[in-house]
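Peer 1:
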Amino acid sequence: MMKGLKKWRFPAMLAALALVLSGCGENYLSTLRPAGEVGREQFNLLILTSLIMLLVILVVVVIYVAALVKFRRSRLGEDHMPQDVEGSHKLEFIWTAIPIVLLLIIAIPTVYYTYKLGDVSAMEKADEEGNPEHLVVDVTAKLYWWEFEYPEYGIVTAQELVVPTDEKVYFNLKAADVKHSFWIPAIGGKMDTNVDNLNKFYLVFDEESKDLKDGVFYGKCAELCGPSHALMDFKVKTMNRDDFDGWVAAMKDTENQVADKDSSDAGEAAFAQSCIGCHATSAVGSTGAAGPNMATFGDRNRVAGYLDHNKENIVNWVQDPQKYKPGNLMPAFDSLSDEDLDAIADYLLGLKVEE
Numbered sequence: 155m156m157k158g159l160k161k162w163r164f165p166a167m168l169a170a171l172a173l174v175l176s177g178c179g180e181n182y183l184s185t186l187r188p189a190g191e192v193g194r195e196q197f198n199l200l201i202l203t204s205l206i207m208l209l210v211i212l213v214v215v216v217i218y219v220a221a222l223v224k225f226r227r228s229r230l231g232e233d234h235m236p237q238d239v240e241g242s243h244k245l246e247f248i249w250t251a252i253p254i255v256l257l258l259i260i261a262i263p264t265v266y267y268t269y270k271l272g273d274v275s276a277m278e279k280a281d282e283e284g285n286p287e288h289l290v291v292d293v294t295a296k297l298y299w300w301e302f303e304y305p306e307y308g309i310v311t312a313q314e315l316v317v318p319t320d321e322k323v324y325f326n327l328k329a330a331d332v333k334h335s336f337w338i339p340a341i342g343g344k345m346d347t348n349v350d351n352l353n354k355f356y357l358v359f360d361e362e363s364k365d366l367k368d369g370v371f372y373g374k375c376a377e378l379c380g381p382s383h384a385l386m387d388f389k390v391k392t393m394n395r396d397d398f399d400g401w402v403a404a405m406k407d408t409e410n411q412v413a414d415k416d417s418s419d420a421g422e423a424a425f426a427q428s429c430i431g432c433h434a435t436s437a438v439g440s441t442g443a444a445g446p447n448m449a450t451f452g453d454r455n456r457v458a459g460y461l462d463h464n465k466e467n468i469v470n471w472v473q474d475p476q477k478y479k480p481g482n483l484m485p486a487f488d489s490l491s492d493e494d495l496d497a498i499a500d501y502l503l504g505l506k507v508e509e
């Protein structure tokens, strides 16, 4: 009985692996379904190198099997001595030339794309009036959330990156505390965010995200950065240039959206009393706040980057952040009354710039 079970262990493992990997093809998250120029070029390079490696494996296996069959002892006898080919210039040339050719086939496109994708010289270009020709986003990675500043427009947001489609978007990447890594799997490869230096790269977003599951692409931190590294997610909303310009205008309209502790709105007053020291409610400004900007909180896809976006999770998060994201820097507000917590949650859900 046990022998029969052991015989099926390997096929069962393969079936389980296939089932798990079948969930890796979602177009909002998968590197195997690129939705941008950079991701597509990296994917093509991956396919090229994989095919070459597969070819090498197949050739080696064929030669190995052929040798086993042709020169097996039962066929040729105990006394057979194979032909001595040591010093054959022909064979030495073949097994030297073939690897060189294969390496050149891999190296030429790899070097080309390395320099192409690393070229950020256009980031500094401006038109005759001094306006930048390309959108530049300053990304700051923090424990365990993301801040996005648009210096051209004087606005800042957090946790959800908003970008236009069909144009290059350039990024300045840095970290505020420890090393992180900025990665949008479906759009392009990752880039580290460091404390001591600035990394730069660009991405191109080909598809609008509104038709995707949850209406966003998923972004991740790809560098082990602490106990809540796996929960350090962000979302990406992509839209056409006209819609993006409308979003920017709506963000600018929040300039005077500042929570007032004397407000007649109980949620706004409670937020101003307890939260305003770390969280801004206006998108107009610059980076550097201790906590994420809340101007677009009602439009977000998740609470704390990964929890369902609803009132219950907001209340639970405010009461005990360490329970949901160990190691984050937000203090617990477990002394607030249930009425204040509910009011703050309602106030946050009302902070929107999108229709």
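To convert, note that position 74 of the sequence shown is 228 in the numbering used here; the numbers rise steadily by one, no gaps. Glycine included, C-beta positions come from ideal geometry on N, C-alpha and C. Keep in mind it's a predicted model, so treat the numbers as computed, not measured.
(1) Classify Ile-262: buried if its beta carbon has 16 or more other beta carbons within 10 angstroms, exposed otherwise.
(2) For Ile-254, does the count of other Cβ atoms within 10 angstroms reach 16, so buried, or fall short, so exposed?
(3) Could you name the residues of the same chain whose beta carbon sits closer than 7 Å to that of Gly-179, not counting the 5 residues immediately before and after it, in chain order?
(4) May I ask which residues mark the beginning and end of the beta strand (DSSP E) holding Phe-355?
(5) By Cβ distance below 6 Å, which residues in the same chain neighbour Leu-352 in space, the five residues on each side in sequence not counted?
(6) Buried or exposed: which applies to Glu-493, given that a residue is buried once 16 or more other Cβ atoms fall within 10 Å of its Cβ?
(7) Would DSSP call Phe-336 helix, strand or coil?
(8) Only counting the same chain, and skipping five residues up and downstream in sequence, which positions put a Cβ closer than 7 Å to that of Gln-427?
(9) Measuring straight from C-alpha to C-alpha, what distance separates Glu-508 and Ser-418?
(10) Could you check what DSSP says for Gly-373 in three-state terms: helix, strand or coil?
(11) Beta-carbon within less than 6 Å of Lys-322's beta-carbon, same chain only, minus the 5 sequence neighbours each way: which residues are those?
(12) Measuring CB atoms only, is the stretch 233 to 243 touching the stretch 272 to 292, in the sense that at least three cross pairs come out at less than 8 Å?
(13) My output table needs one value for Ala-312: the three-state DSSP class, helix, strand or coil.
(14) If you reduce the DSSP assignment to three classes, tell me which class Arg-456 lands in.
(15) Starting from the C-beta of Tyr-307, find all residues in its chain whose C-beta is less than 8 Å away, skip the five residues before and the five after it, and write them out in chain order.
(16) According to DSSP, Thr-392 sits in a beta bridge with which residue or residues?
(17) Could you tell me which uninterrupted beta strand (DSSP E) segments, each at least 3 residues in length, are contained entirely in the stretch 474 to 501, listed from first to last along the chain?
(18) So is Ser-335 buried or exposed if we call it buried at 16+ other beta carbons inside 10 Å?
(19) State the DSSP-derived secondary structure class of Phe-302, mapped to helix, strand or coil.
(20) Could you check whether Leu-490 and Leu-390 sit closer than 8 Å to each other, using their CB atoms as the reference points?
(21) Assuming Glu-362 and Asn-394 make a contact with CB atoms under 8 Å, what is their CB distance in whole Å?
(22) Is it right to say Ala-166 is buried, meaning 16 or more other beta carbons lie within 10 angstroms of its own, or is it exposed?
Peer 2: Taking the coordinates as given:
(1) exposed
(2) exposed
(3) Hits under 7 Å: Leu-186 and Arg-187.
(4) 353 to 358
(5) Sequence-distant partners of Leu-352 (beyond 5 residues in either direction) whose C-beta falls short of 6 Å from its own C-beta, in its chain, are Asn-326 and Lys-328.
(6) Counting every other CB atom within 10 Å of its CB across the protein chains shown gives Glu-493 a total below 16, marking it as exposed.
(7) Strand.
(8) Lys-415
(9) 24 Å
(10) strand
(11) His-288, Tyr-356 and Val-358
(12) Contact between the stretch 233 to 243 and the stretch 272 to 292 is absent, with fewer than three C-beta pairs closer than 8 Å.
(13) Strand, per DSSP.
(14) strand
(15) Its chain contains Val-402, Met-405 and Lys-406 as the residues whose beta carbon lies nearer than 8 Å to that of Tyr-307, once the 5 sequence neighbours on both sides are disregarded; these appear in chain order.
(16) Val-317
(17) none
(18) buried
(19) The three-state reading of DSSP puts Phe-302 in strand, counting E and B together.
(20) It should be noted that the sequence gives Val, not Leu, for residue 390. Not closer than 8 Å, so no.
(21) 6 Å
(22) exposed
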